[in-house]
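Visitor: The following block contains the structure, expressed as structure tokens.
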């Protein structure tokens, strides 16, 4: 590490592990700078159709839209790197993400893993695709009711 957090000597798995560690520190109330590990032109995509889903272009859009919007709902949280697999500048990871909402609900109380893809460019993270549990986002973070789309065993009208 240099004093500015530039990570030119880390491989992809080390860089992602450090990024996850810093996100965890911030979510749990500590001090850390995950942004210094990101390419200025990063693309972050939250997969799904939730209010947080979509693509965010650049560090400032990430901070001012995604992070600011999530902060309206999330009081605290934890994130842990469970496993990663990759080669060269691409890395897939399983993350355990848990959060407590401002109204006391728990996102992902069971600790189910979420998938995440990272692409590295010039020693920084240039792309993130996060695959959250969208039902948990909708029900726990946004208080929406989950209504199954089909009756049990696929039979309409069967109780």
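In this note's numbering, the protein residues as written are 12 to 170. Glycine residues also receive a C-beta, built at the ideal position from the N, C-alpha and C atoms.
1. How many angstroms separate the CA atom of residue 13 from the CA atom of residue 156?
2. Taking residue 111 and residue 88 to be in contact with their CB atoms under 8 Å, please state how far apart those CB atoms are, rounded to whole angstroms.
3. Just to check my reading of the structure: residue 93 and residue 45 have Cβ atoms closer than 8 Å, yes? What is that Cβ distance to the nearest angstrom?
4. With C-beta atoms as the reference, is residue 141 less than 9 Å away from residue 80?
5. Based on the DSSP secondary-structure assignment, which residues constitute the bridge partners of residue 68?
6. For the segment 127-155, which segments carrying the alpha helix (DSSP H) assignment without a break, of at least 4 residues, lie completely within its bounds, in sequence order?
7. Hey, how far is the Cα of residue 97 from the Cα of residue 40?
8. Specify the secondary structure class of residue 33 as computed by DSSP and reduced to three states.
9. So residue 27 and residue 104 are in contact, right, with Cβ under 8 Å, and what is the actual spacing, rounded?
10. Hey, how far is the Cα of residue 148 from the Cα of residue 48?
11. What is the rounded straight-line gap between the Cα of residue 67 and the Cα of residue 129?
12. Under the three-state reduction of DSSP, which class applies to residue 73: helix, strand or coil?
13. Do residue 54 and residue 138 come within 9 Å of each other at the CB atom, strictly closer than that value?
14. For residue 50 and residue 31, I'd like the C-alpha separation in whole angstroms.
15. Apply the 10 Å Cβ neighbour rule to residue 82 and answer buried if 16 or more other Cβ atoms are within range, or exposed otherwise.
Guide: The short version:
1. As a working mapping, residue 13 is identified with position 2 in the chain shown. As a working mapping, residue 156 is identified with position 145 in the chain shown. Any reading at residue 13 is ruled out, since the residue's pLDDT is 42, under 50, leaving its predicted position unreliable.
2. Sequence index remark: in the chain shown, residue 111 carries index 100 (1-based). Sequence index remark: in the chain shown, residue 88 carries index 77 (1-based). So it is a contact: roughly 7 Å between Cβ atoms.
3. Numbered from its first residue, the chain shown carries residue 93 at position 82. Numbered from its first residue, the chain shown carries residue 45 at position 34. Their Cβ separation, rounded to whole angstroms, is 18 Å, which puts residue 93 and residue 45 out of contact at 8 Å.
4. Locating residue 141 in the chain shown gives position 130, where the first residue counts as 1. Locating residue 80 in the chain shown gives position 69, where the first residue counts as 1. No, these two residues do not count as a Cβ contact at 9 Å.
5. For the purposes of this step, residue 68 is identified with residue 57 of the chain shown, where counting begins at 1. Beta-bridge pairing links residue 68 to 54.
6. none
7. The residue you call residue 97 lines up with position 86 of the chain shown. The residue you call residue 40 lines up with position 29 of the chain shown. One C-alpha to the other measures close to 30 Å.
8. Taking the first residue of the chain shown as 1, we reach residue 33 at position 22. Helix at residue 33.
9. Mapped onto the chain shown, residue 27 falls at position 16. Mapped onto the chain shown, residue 104 falls at position 93. That belief holds up - the Cβ atoms of residue 27 and residue 104 are roughly 6 Å apart, short of 8 Å.
10. Locating residue 148 in the chain shown gives position 137, counting from the first residue. Locating residue 48 in the chain shown gives position 37, counting from the first residue. Going by the C-alpha atoms only, they are around 26 Å apart.
11. The residue given as residue 67 occupies position 56 in the chain shown. The residue given as residue 129 occupies position 118 in the chain shown. Taking the straight line joining both Cα atoms gives about 14 Å.
12. Within the chain shown, numbered from 1, the residue matching residue 73 stands at position 62. It is helical.
13. As a working mapping, residue 138 is identified with position 127 in the chain shown. As a working mapping, residue 54 is identified with position 43 in the chain shown. Against a cut-off of 9 Å, the Cβ pair of residue 54 and residue 138 comes out as a contact.
14. Position 39 of the chain shown, counting from 1, holds the residue named residue 50. Position 20 of the chain shown, counting from 1, holds the residue named residue 31. Taking the straight line joining both Cα atoms gives about 15 Å.
15. For the purposes of this step, residue 82 is identified with residue 71 of the chain shown, where counting begins at 1. If you draw a 10 Å sphere on the C-beta of residue 82, you find fewer than 16 other C-beta atoms in it, and that means exposed.
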